[in-house]
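Numbering (the numbering used here), first residue to last: 1100 to 1570. Glycine is no exception: its CB is placed at the ideal position from the N, C-alpha and C atoms. Working notes, structure below.
What follows is the structure, given as structure tokens:
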């Protein structure tokens, strides 16, 4: 993706920079598939926060009306953004005028709508990362009729048709669509029956969260069944018929044995001893991805079946994969290899990139290699989000003086793309199905939805804030 100079743009390069911007704008008008991923400008959309194009879906039938905030003041509640809002922006040329060529949207799948145990109290699943049904689209996002006024069925079929139409409209305007996906965990789809009565008590913290159990697992997990919050058993529980296609899912995600059920450790995010892979995250239920587990191959194949459907039948162009380092590396080896095989010749058009929340290039780049490298040299993930450059840029712009106030960290981040330890580079230099390697497809960004703030930072000069946004 686009890179920026370490020491600013020198005067002789201004004309060159303007020409690149013009070229980017022209590229946005090309058919989506005619443009290589290395030339794309990606716009990240947290759909619920973009634009409320259809107020009729703000409180889906049967849902708790208290989960929606019409004043848009409570950051933890639904605020109304949806596909219709995005469709209106696409049709109006908003993204084309920005020079954007690809939309990365937060997970659109049906979520648990409310969790009682999270940092800071109860929240909603407005963001999309609390999956309940991997083969349904969340009704907060979809409309009853298409942009052309055609009625959609009031069902998973209708919601999937709307998603397909959204993707098709983006393509018609020269925009690719990247779907954010989560394979590390589901939402709070089961509870820990702490008092043994078989009934979920939403006021009991112990039924939402148990302390991490390094050895063994909690045998008292019980599927949820609270419809107004969509606290329900994980799905799909078998094959599905959608868009005229039979999706041969086996129900692996609806089996408790597919989940670790080991509870939560508050400091697990910062660990690298295996705990960060094995535990829940608050009430989000960790999927058990250990290679030696009896369901390993079935779980991999289930996800291949699901995401091949989105890539081939819905038509999305790529996957942004969440929480990569919290899943066994061998799982990613198997998933990417089998998915590319399933995609066949179309694999060259699809981008599989991951979120590895780490500033260490050795850790970041390791997921562009298979776990059995260098024996096998082909890519695992096509690329990753470049957190090293992100962290370096944020430090440079926000902190004056010393190491943080110099461009040295930025320079190291850029050099890391083409360096490594010993004979093995950090990032895999071997080409993927499209002939490009992970270095070329590394994704540069400066802020995201997981940051504590967005662009404007108290105590930072307006000049540095302007520079941050220019970058």
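For residue 1514, collect the residues of the same chain with a Cβ closer than 6 angstroms to its Cβ; drop the 5 residues on either side in sequence, then sort them by chain order.
none
Using only the alpha-carbon positions, how far apart do residue 1565 and residue 1342 sit?
46 angstroms
Kindly confirm or deny that the stretch 1266-1279 and the stretch 1320-1339 touch, where touching means at least three C-beta pairs closer than 8 angstroms.
no
Starting from the C-beta of residue 1105, find all residues in its chain whose C-beta is less than 6 angstroms away, skip the five residues before and the five after it, and write them out in chain order.
Reliability of the predicted coordinates at residue 1105 is poor, the pLDDT of 30 falling under 50, and no value is obtained from them.
In the DSSP assignment, the beta strand (DSSP E) including residue 1340 goes from what residue to what residue?
Per DSSP, the unbroken beta strand (DSSP E) holding residue 1340 starts and ends at 1339-1341.
Does the Cβ-Cβ distance between residue 1432 and residue 1281 come in under 8 angstroms?
no
Specify the secondary structure class of residue 1279 as computed by DSSP and reduced to three states.
strand
Do residue 1239 and residue 1147 have their beta-carbon atoms positioned less than 8 angstroms apart in this structure?
yes
Backbone CA spacing between residue 1368 and residue 1375 [nearest angstrom]:
6 angstroms
I need the straight-line Cα distance from residue 1378 to residue 1183, nearest angstrom please.
37 angstroms
Just the C-alpha distance for residue 1254 and residue 1132, rounded to the nearest angstrom, thanks.
31 angstroms
Pull up the DSSP beta-bridge partners for residue 1322, would you.
According to DSSP, residue 1322 bridges with 1289.
Suppose contacts are defined by Cβ-Cβ distances below 8 angstroms. Is residue 1261 in contact with residue 1230 by that definition?
no
By the three-class DSSP mapping on this structure, what secondary structure does residue 1379 have?
strand
Going straight from the alpha carbon of residue 1108 to that of residue 1493, what length do you get?
Here the model assigns residue 1108 a pLDDT of 34, short of 50, so the residue's position is not dependable, and the following value carries that caveat. In a straight line, the C-alpha of residue 1108 is about 18 angstroms away from that of residue 1493.
Does the distance from the C-beta atom of residue 1177 to that of residue 1223 stay below 8 angstroms?
yes
In the DSSP assignment, the alpha helix (DSSP H) including residue 1210 goes from what residue to what residue?
That residue, residue 1210, is in no alpha helix (DSSP H); its beta strand (DSSP E) goes 1208-1210.
Where does the unbroken alpha helix (DSSP H) through residue 1251 begin, and where does it stop?
Unbroken run through residue 1251: none, as it is neither H nor E.
In three-state terms, what does DSSP make of residue 1141?
strand
How many Å lie between residue 1439 and residue 1296 at the Cα?
46 angstroms
For residue 1201, the residue or residues it bridges with in DSSP:
1141 and 1275
Indicate whether the contact test is met: 3 or more Cβ pairs, each with one atom in the stretch 1310-1329 and one in the stretch 1435-1455, closer than 8 angstroms.
no
Expressed to the nearest angstrom, what Euclidean distance is found between the alpha-carbon atoms of residue 1190 and residue 1273?
11 angstroms
What are the boundary residues of the beta strand (DSSP E) that residue 1231 is part of?
1230-1236
Once the 5 residues before and after residue 1187 are set aside, which same chain residues still bring their CB inside 6 angstroms of it?
Excluding sequence neighbours, residue 1187 sits near 1152.
Are residue 1418 and residue 1277 closer than 8 angstroms when you measure CB to CB?
yes
Taking the DSSP output, what are the residues bridged to residue 1573?
With the chain covering only 1100 through 1570, there is no way to say anything about residue 1573.
Between the stretch 1452-1460 and the stretch 1396-1409, do three or more beta carbon pairs fall short of 8 angstroms?
no
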